[in-house]
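Q:
Protein chains: 2
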Amino acid sequence: MLTQAAEDYLKSIYKLQEKGGKVSTGILAEYLDVKPASVTGMIKKLKTMKLVSHERYQGVTLTDAGKAIALEIIRHHRLLELYLFKALGVPWDGVHEEAEKLEHVISEDVEDRMDAFLGYPTEDPHGSPIPDKNGVVLKTPSVPMTDLNNGQSCVVAEVSDDDSALLRHLGSFSLYPGTAFRVIKVAPFEGPFTIDIAGQQAVIGREVAKHIFVNNVEETDNV
Amino acid sequence: MLTQAAEDYLKSIYKLQEKGGKVSTGILAEYLDVKPASVTGMIKKLKTMKLVSHERYQGVTLTDAGKAIALEIIRHHRLLELYLFKALGVPWDGVHEEAEKLEHVISEDVEDRMDAFLGYPTEDPHGSPIPDKNGVVLKTPSVPMTDLNNGQSCVVAEVSDDDSALLRHLGSFSLYPGTAFRVIKVAPFEGPFTIDIAGQQAVIGREVAKHIFVNNVEETDNV
DNA sequence: TATATAATTTAGTCATGACTAAATTAATTT
DNA sequence: AAATTAATTTAGTCATGACTAAATTATATA
Numbered sequence: 005m006l007t008q009a010a011e012d013y014l015k016s017i018y019k020l021q022e023k024g025g026k027v028s029t030g031i032l033a034e035y036l037d038v039k040p041a042s043v044t045g046m047i048k049k050l051k052t053m054k055l056v057s058h059e060r061y062q063g064v065t066l067t068d069a070g071k072a073i074a075l076e077i078i079r080h081h082r083l084l085e086l087y088l089f090k091a092l093g094v095p096w097d098g099v100h101e102e103a104e105k106l107e108h109v110i111s112e113d114v115e116d117r118m119d120a121f122l123g124y125p126t127e128d129p130h131g132s133p134i135p136d137k138n139g140v141v142l143k144t145p146s147v148p149m150t151d152l153n154n155g156q157s158c159v160v161a162e163v164s165d166d167d168s169a170l171l172r173h174l175g176s177f178s179l180y181p182g183t184a185f186r187v188i189k190v191a192p193f194e195g196p197f198t199i200d201i202a203g204q205q206a207v208i209g210r211e212v213a214k215h216i217f218v219n220n221v222e223e224t225d226n227v
Numbered sequence: 005m006l007t008q009a010a011e012d013y014l015k016s017i018y019k020l021q022e023k024g025g026k027v028s029t030g031i032l033a034e035y036l037d038v039k040p041a042s043v044t045g046m047i048k049k050l051k052t053m054k055l056v057s058h059e060r061y062q063g064v065t066l067t068d069a070g071k072a073i074a075l076e077i078i079r080h081h082r083l084l085e086l087y088l089f090k091a092l093g094v095p096w097d098g099v100h101e102e103a104e105k106l107e108h109v110i111s112e113d114v115e116d117r118m119d120a121f122l123g124y125p126t127e128d129p130h131g132s133p134i135p136d137k138n139g140v141v142l143k144t145p146s147v148p149m150t151d152l153n154n155g156q157s158c159v160v161a162e163v164s165d166d167d168s169a170l171l172r173h174l175g176s177f178s179l180y181p182g183t184a185f186r187v188i189k190v191a192p193f194e195g196p197f198t199i200d201i202a203g204q205q206a207v208i209g210r211e212v213a214k215h216i217f218v219n220n221v222e223e224t225d226n227v
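Protein chains in written order, with the numbering used here: chain A, 5 to 227; chain B, 5 to 227.
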């Protein structure tokens with residue numbers, strides 16, 4: 005069995021390499037809120053376990069074995085998030101933190117039971133895909149909200165799950181995965197987005213928009 | 005926050021001192037499956053935290069603060085056991101092991117939600133009392149099955165929760181808390197008990213009987 | 001009471017996984 | 001190309017919580 009720390013490293017490497025290939029020591033350190041020297045130490049251990057590939061000064065990548073473990077942990081995490089949300093009513097801005105602790109100790113048996121209870125779901129409450137037991141992830145294509153222009157309508161596909169305050173903010177506009185909205189105005193000079201959600205207007209800043217991913221983008225006339 | 009190890013020590017001390025006042029280093033070591041020298045080390049730490057009282061060579065006792073924490077962990081454990089059993093259908097011989105890991109990471113919020121889901125229960129699947137949020141335990145008086153004699157009838161009140169094989173064995177006779185049975189025969193020379201459970205006969209060895217506690221004991225004529 | 005045995009504690013070791021400070025390597029400027 | 005800056009690695013430290021081996025204290029026996 006791997007330690008909790010090792011599991012967290014693998015999961016983080018997976019997430020970071022999703023958007024950008026090799027993962028540098030510094031980025032990983034920042035992501036894990038740990039000093040770079042500590043990362044170097046753990047990478048060495050993971051390397052002897054053949055879970056990562058690493059050349060000095062060149063960044064890390066997961067091996068197939070490491071990737072399999074990372075996906076298993078991510079599956080735990082996302083199933084737990086959805087279970088806490090649906091079965092226990094934990095608010096969506098709280099499920100991440102809770103799942104972060106539970107994901108390392110939950111048994112396969114309990115996980116299977118939660119999976120069945122939920123009807124074998126494919127997405128967590130933030131719209132992220134839940135890998136299946138074989139580590140297959142079906143990712144629906146989506147674009148960052150910052151790519152949108154005036155008059156386009158779309159549907160929220162996915163939002164970042166790790167910033168509780170951000171999620172509460174989005175919740176106040178009902179900006180959940182599945183929610184449709186239309187861009188009324190994009191302010192110039194990297195300004196905020198004014199959008200229409202079911203008749204309600206909301207102003208979404210650039211920094212927030214970066215964490216929202218959408219699909220079903222369509223040009224619309226002013227309604 | 006306490007470490008997981010410290011929490012386990014407090015919980016174990018609580019359980020052991022329930023039946024026998026001060027807890028010796030050796031007993032605690034055996035219970036935790038750890039060497040006595042390691043126990044001495046942890047006791048020192050717990051003492052500096054004022055969670056236990058300890059005089060060299062004289063055994064440990066929990067302070068009020070230590071007892072409060074122990075009861076909190078036990079509450080977590082037993083609520084989790086019942087939740088896993090009722091909400092997820094985990095078999096009763098598996099819930100202990102699972103709860104053992106979860107009890108250290110579950111939040112108060114999630115615990116409260118499970119408590120509400122279960123309707124604020126007072127007993128876990130093995131008949132052990134669930135302490136309330138203030139650490140109050142209501143223990144129903146019960147006697148070990150080994151105290152029973154020929155012809156007595158009773159109801160199962162509580163069974164040990166930590167031996168999975170034993171629980172499966174009891175389950176095969178439907179010997180759950182709440183199950184009534186009558187003693188047909190106690191074999192002489194510390195022999196086994198032959199009992200009648202809803203018309204079905206079963207033979208229960210002495211070692212097994214030690215782990216079964218009963219109440220509502222009544223003399224009955226042969227029916 | 002002296003001695004043997006059992007229980008407990010002390011002292012020192014080990015693996016984890018964090019840290020700091022210093023050294024090394026890579027990338028950017030001038 | 002040399003020098004500066006940034007990133008990474010090495011080396012050594014620390015707290016946890018386990019361990020073994022040896023020393024100490026308590027208990028039981030002759």
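Note that CB positions come from ideal geometry on N, CA and C, so glycine has one too.
#1: Would you report the Cα separation of V43/A and A69/A, rounded to the nearest angstrom?
#2: Look up S16/A in the DSSP assignment and say whether it is helix, strand or coil.
#3: Rounded to a whole number of angstroms, what is the C-alpha to C-alpha distance between I216/B and E102/B?
#4: So with Cβ pairs under 9 angstroms, would you call F121/B a contact of chain A?
#5: Taking C-beta pairs closer than 9 angstroms, name the residues in chain B that A103/A reaches, listed in chain order.
#6: For F193/A, collect the residues of the same chain with a Cβ closer than 7 angstroms to its Cβ; drop the 5 residues on either side in sequence, then sort them by chain order.
#7: Quick one: measure Cβ to Cβ for V109/A and V109/B, integer angstroms, because I've assumed they're closer than 8 angstroms.
#8: Which residues does DSSP list as the beta-bridge partners of H130/B?
#9: Flag this pair as yes or no: are the beta carbons of V160/B and F185/B separated by less than 9 angstroms?
#10: Ignoring anything shorter than 3 residues or poking outside the segment 149-173 of chain A, list the beta strand (DSSP E) runs there in chain order.
#11: Terminal residues of the continuous alpha helix (DSSP H) containing E213/B?
#12: How many whole angstroms separate the CB atoms of L122/B and L75/B, which I take to be in contact at a CB cut-off of 8 angstroms?
#13: Taking all protein chains shown into account, decide if V187/B is buried (16 or more other Cβ within 10 angstroms of its Cβ) or exposed.
#14: If you measure from the beta carbon of H215/B to each beta carbon in chain A, is any gap under 9 angstroms?
#15: Can you tell me which of the three DSSP states K137/B falls into?
#16: To the nearest angstrom, report how far apart I201/A and T183/A are at their CA atoms.
#17: Under 8 angstroms Cβ-Cβ, which residues of chain A neighbour V94/B?
#18: Assuming P40/B contacts G30/B under a Cβ cut-off of 8 angstroms, what Cβ separation, rounded to an integer in Å, is found between them?
#19: Give the straight-line distance between the Cα atoms of Y18/A and K71/A, rounded to the nearest whole angstrom.
#20: Restricting to Cα atoms, I'd like to know which of T67/A, M53/A and L88/A is closest to V27/A.
#21: Got a sec: which bits of the segment 76-89 of chain A sit with their beta carbon under 8 angstroms from any beta carbon on chain B, in order along the chain?
#22: Chain B partners of L152/A, CB-CB under 8 angstroms?
#23: Verify the CB distance criterion: does H108/B have a CB-CB separation below 9 angstroms to chain A?
#24: Within its chain, find whatever has a CB closer than 7 angstroms to the CB of A206/B; leave out the 5 residues flanking it on each side and keep chain order.
#25: What do you reckon, are the CB atoms on H130/B and E162/B nearer than 9 angstroms?
#26: Among all the DSSP beta bridges, which residues are the ones paired with E222/B?
#27: Mind checking which residues open and close the alpha helix (DSSP H) that includes V56/A?
#28: Using the beta-carbon count (16 or more within 10 Å), is Y124/A buried or exposed?
#29: Starting from G98/A, find everything on chain B with Cβ-Cβ shorter than 8 angstroms and list it in chain order.
#30: Report all residues from its chain with a CB closer than 7 angstroms to the CB of P135/B; omit the five preceding and five following residues, and keep chain order.
#31: Helix, strand or coil: which one does DSSP assign to L67/B?
#32: Are the C-beta atoms of A202/A and some chain B residue less than 9 angstroms apart?
#33: Determine the chain B residues that contact A72/A at a beta-carbon separation under 8 angstroms, and present them in chain order.
#34: Chain B beta carbons: is any one of them nearer than 9 angstroms to that of A9/A?
#35: Counting only Cβ-Cβ distances shorter than 9 angstroms, please list the residues of the segment 20-43 of chain B near chain A, keeping chain order.
#36: Got a sec? Which residues, its chain only, sit under 8 angstroms from A191/A by beta carbon, not counting five neighbours each side?
A: Checking against the coordinates, here is how it stands:
#1: Spanning the two alpha carbons is a distance of roughly 19 angstroms.
#2: Correct three-state label for S16/A: helix.
#3: I216/B and E102/B have their alpha carbons spaced roughly 22 angstroms apart.
#4: Answer yes: the Cβ-Cβ gap between F121/B and chain A drops below 9 angstroms somewhere.
#5: Neighbours of A103/A on chain B: none; closest Cβ ~10 angstroms, over 9 angstroms.
#6: Result list for F193/A: empty, nothing under 7 angstroms.
#7: About 6 angstroms; that satisfies the 8 angstroms criterion.
#8: Answer by DSSP bridge pairing: none, since H130/B is not bridged.
#9: Yes, they are a contact pair.
#10: Look at the segment 149-173 of chain A and you find these whole runs of beta strand (DSSP E), each 3 residues long or longer: 156-163.
#11: Per the sequence presented here, residue 213/B reads as Ala, with Glu not at that position. Run containing A213/B: R210 to A213, per the alpha helix (DSSP H) assignment.
#12: At roughly 18 angstroms, the Cβ-Cβ gap does not stay under 8 angstroms, so L122/B and L75/B are not in contact.
#13: So V187/B ends up on the buried side.
#14: Cβ-Cβ to chain A under 9 angstroms: no for H215/B.
#15: In the three-state DSSP reduction, K137/B falls in the coil class, being neither helix nor strand.
#16: Going from the Cα of I201/A to the Cα of T183/A covers about 8 angstroms.
#17: For V94/B, the C-beta contacts it makes with chain A under 8 angstroms involve D113, V114 and R117, in order along the chain.
#18: Between G30/B and P40/B the Cβ distance is about 5 angstroms, and since that is below 8 angstroms, they are a contact.
#19: Taking the Cα positions, Y18/A is about 7 angstroms away from K71/A.
#20: The candidate whose alpha carbon is nearest that of V27/A is T67/A.
#21: Residues passing the 8 angstroms Cβ filter: L88.
#22: Ordered by position in chain B, no residue passes the 8 angstroms Cβ test against L152/A, which lies about 36 angstroms from the chain.
#23: Taking Cβ atoms only, chain A reaches closer than 9 angstroms to H108/B, which makes this a yes.
#24: Cβ neighbours of A206/B beyond the five flanking positions: F177 and I199.
#25: Closer than 9 angstroms, so yes.
#26: Under DSSP, the beta-bridge partners assigned to E222/B are S157/B.
#27: For V56/A, no alpha helix (DSSP H) encloses it; the enclosing beta strand (DSSP E) starts and ends at V56 to H58.
#28: Exposed is the call here.
#29: By Cβ distance, chain B contributes D113.
#30: Correct list, in chain order: L75, I78, R79 and V141.
#31: In the sequence under discussion, the amino acid at residue 67/B is Thr, which differs from the Leu named in the question. T67/B: coil per DSSP, three-state reduction.
#32: No, A202/A lies away from the interface with chain B (no Cβ there is under 9 angstroms from its Cβ).
#33: Ordered by position in chain B, no residue passes the 8 angstroms Cβ test against A72/A, which lies about 22 angstroms from the chain.
#34: Cβ-Cβ to chain B under 9 angstroms: no for A9/A.
#35: If the cut-off is 9 angstroms between Cβ atoms, the segment 20-43 of chain B has nothing near chain A.
#36: These residues qualify, in order along the chain: F197 and T198.
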